[in-house]
Amino acid sequence: MKPKLTLLSAALLTASLSLMPAISQAAMPHAVDGQTLPSLAPMLEQATPAVVSVAVSGTQTSKQQIPDVFKYFFGPNAPQEQVRERPFRGLGSGVIIDAKEGYIVTNNHVINGADEIKIGLHDGREIDAKLIGSDPESDIALLQIKAKNLTAIKQTNSDDIRVGDFAIAIGNPFGLGQTVTSGIVSALGRSGLGIEMLENFIQTDAAINSGNSGGALVNLNGELIGINTAIVAPGGGNVGIGFAIPANMVNNLINQIIEHGEVKRGVLGVTGRDLDNELAKAFGLETQHGGFISEVMPDSAADEAGIEAGDIIVSVNGKKIKNFQELRAKVATMGAGAKVNIGIIRDGDKETVNVILGESTSSTGSAADALHPMLEGAELTNSNKGIEITDIAQGSPAARNGLEKGDLIVGLNRSKVKNLNSLKEELKNQQGAVALKILRDNKLMYLVLR
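Residue numbers -26 to -1, 1 to 424, in mature numbering (1 follows the signal peptide of the UniProt record, and there is no 0), belong to the letters of the sequence shown in order.
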């Protein structure tokens, strides 16, 4: 049976928590026979003020088809579906990454659909937060608060961590309040788990549970190495297998959101698969780690850099990769225009090629929100006919404004728009309500966004 993978934010809809009375213990001495005892306390005194609790509330919207038997009683004008709304509340964790600007990073699934976000600081203050942007595919979100005397987490290069390094998880499990647990880095480059679209996880056995989502995974220097995201939980609790998004991956995404208001997904322009034992034998290779390239898209970043079908990519910026999924996650989160050194094996020889990543033609829901608040919930993609709405979230502002999956945006007010860039430029100078020109079922119509 496949292990159950659980995202860590704690839902407060119906859950209740029974707490056993705390067991009193005598404080451990700071020294024995004049020898100072090892302790994580000095490091944690510096790191824990940077980890916060994230409390969210909102309304979930669901739709149910009305049975035909009921439609018979209400005639041809009867509604086709019933819309239900119910409030929800949830708890998670977050990490202050910039004290001056008040930036806090957390998981997208912690704040997804929230109408209100409140941050609980280590010193007891509770402050309203604003969502700056998010990336559902990698499960990262950026919040901002206005407050003084904040403490930011220290940063490090998460590519330098190794299996066996000590790791400390800090978060807000089950809404108990800030909790610290310790363990080691159990594995690196975990992917193929089906948790997120882009997976390149750090695995740890530091105890993390529901509510730790968005919390910090730090090293013994108190430096951020990852954002806790999910656990394997066959029985619903911690079993020593938790996953965190590497800090470098997080920083790449956050910097794009801060600079562009959205994630500009990097694209290499290849398709492929993991290098397995059979492929390694067929190509006479000793290594079994890497990504086998089966196709290179014409005029793509990979094509311009000279990467060919049959090449095996084994490293990115000097760091080895385990499989194609890890390659995909690293490239996608580096951002369009990033300069990357790709290590390849071709005909048994190792080479290094320099690549300037291209830009994805699709826009996530968070990017649509950056274009206009009433587009939130729509996924937009450039097509040869206009801007296609490839998906739309039920109950989202975009859905409430009448947009539907399959719609083509071809104009704004009296101006034509051909792609996302032209739509973005047209929206820059618009104030108040705007009219989107929509092509739906080969018919032109206007929808007003207010």
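Backbone N, C-alpha and C define an ideal beta-carbon position, used for all residues, glycine too.
{"query": "Unbroken alpha helix (DSSP H) run spanning PRO16, endpoints", "result": "15 to 21"}
{"query": "Ordered list of beta strand (DSSP E) runs contained in the region 123 to 197, each at least 3 residues", "result": "140 to 145, 153 to 164, 175 to 178 and 190 to 192"}
{"query": "Status (buried if at least 16 other CB within 10 Å, exposed otherwise) for LEU(-10)", "result": "Confidence at LEU(-10) is low in this model, with a pLDDT of 36, below 50, so the placement of that residue should be treated as unreliable; the coordinate-derived value is given next. So LEU(-10) ends up on the exposed side."}
{"query": "GLN404 to GLU350 span [Cα, whole Å]", "result": "17 Å"}
{"query": "Enclosing beta strand (DSSP E) for LYS411 [first to last residue]", "result": "408 to 414"}
{"query": "C-alpha distance - residue 505 paired with GLY380, whole-angstrom precision", "result": "In this structure the chain extends from -26 to 424, so residue 505 is not present and cannot be described."}
{"query": "Beta carbon of ILE205 nearer than 9 Å to that of ILE215", "result": "yes"}
{"query": "Cβ contact (3+ pairs, closer than 8 Å) linking the region 253 to 271 and the region 191 to 206", "result": "no"}
{"query": "CA nearest to the CA of ILE106, picked from ASN174, GLY235, GLY360 and GLN152", "result": "GLY235"}
{"query": "Cβ-based neighbour list, VAL305, same chain, cut-off 8 Å, excluding 5 preceding and 5 following", "result": "GLY240, VAL241, LEU242, VAL290, VAL314 and LEU331"}
{"query": "Best match in ARG58, LEU124 and LYS324 for proximity to GLY76 [C-alpha to C-alpha]", "result": "LEU124"}
{"query": "Between the CA atoms of ALA275 and ARG302 - distance to the nearest angstrom", "result": "14 Å"}
{"query": "DSSP-derived helix/strand/coil call for LYS379", "result": "coil"}
{"query": "Burial state of TYR420, where buried means 16 or more other Cβ atoms lie within 10 Å", "result": "exposed"}
{"query": "Through-space distance from GLY196 to residue 436, alpha-carbon basis", "result": "Past the boundaries of the shown model lies residue 436; the chain is included only from -26 to 424, so the question cannot be answered."}
{"query": "Reduced DSSP category for GLU90 - H, G, I as helix; E, B as strand; rest coil", "result": "strand"}
{"query": "Option nearest LEU227 by Cα separation, candidates ARG60, ALA352, LEU172 and ALA367", "result": "LEU172"}
{"query": "Cβ-based burial, residue 426 [other Cβ within 10 Å; buried from 16]", "result": "Absent from the structure is residue 426, since the part of the chain shown begins at -26 and ends at 424."}
{"query": "Every unbroken beta strand (DSSP E) inside the region 280 to 347 [3 residues or more]", "result": "286 to 290, 313 to 320 and 323 to 330"}
{"query": "ASN251 - containing alpha helix (DSSP H), residue span", "result": "251 to 256"}
{"query": "Per-residue DSSP class, three states only, for ARG99", "result": "coil"}
{"query": "Beta-bridge pairing of ASP72 - partner residues as DSSP gives them", "result": "TYR77"}
{"query": "Contacting residues, own chain, Cβ-Cβ under 7 Å from LYS294 (five flanking each side not counted)", "result": "HIS263 and VAL288"}
{"query": "Where the alpha helix (DSSP H) through VAL270 begins and ends", "result": "Looking at the DSSP string, VAL270 is not in any alpha helix (DSSP H); the run it does join, the beta strand (DSSP E), is 265 to 270."}
{"query": "Three-way DSSP call (helix, strand, coil) for ASP277 in this model", "result": "helix"}
{"query": "Nearest-angstrom Cβ-Cβ length linking ASN297 and ASP248, presumed shorter than 8 Å", "result": "4 Å"}
{"query": "Distance, VAL213 Cα to GLY145 Cα", "result": "17 Å"}
{"query": "LEU(-14) versus GLY64: straight-line alpha-carbon distance, rounded", "result": "Confidence at LEU(-14) is low in this model, with a pLDDT of 35, below 50, so the placement of that residue should be treated as unreliable; the coordinate-derived value is given next. Each residue's alpha carbon lies about 8 Å from the other."}
{"query": "Terminal residues of the alpha helix (DSSP H) in which residue 433 lies", "result": "With the chain running from -26 to 424 in the structure shown, residue 433 is simply not present."}
{"query": "Buried versus exposed call for THR326 [16 or more other C-beta atoms within 10 Å across all chains shown]", "result": "exposed"}
{"query": "Contact check, GLY311 vs GLU282, beta carbons under 9 Å", "result": "no"}
{"query": "Identified DSSP bridge partners for HIS362", "result": "The sequence given here places Glu at residue 362; His does not occur at that position. THR355 and LEU382."}
{"query": "Beta-carbon spacing of LEU413, LEU345 below 9 Å", "result": "no"}
{"query": "Minimum Cβ-Cβ distance from PRO272 to chain B less than 9 Å", "result": "Chain labels in this structure do not include chain B; a single protein chain is all it has."}
{"query": "Within 9 Å, strictly: CB atoms of ALA190 and ALA24", "result": "yes"}
{"query": "DSSP bridge partner residues for SER370 (one or two, in chain order)", "result": "Paired residues: none, contrary to the question."}
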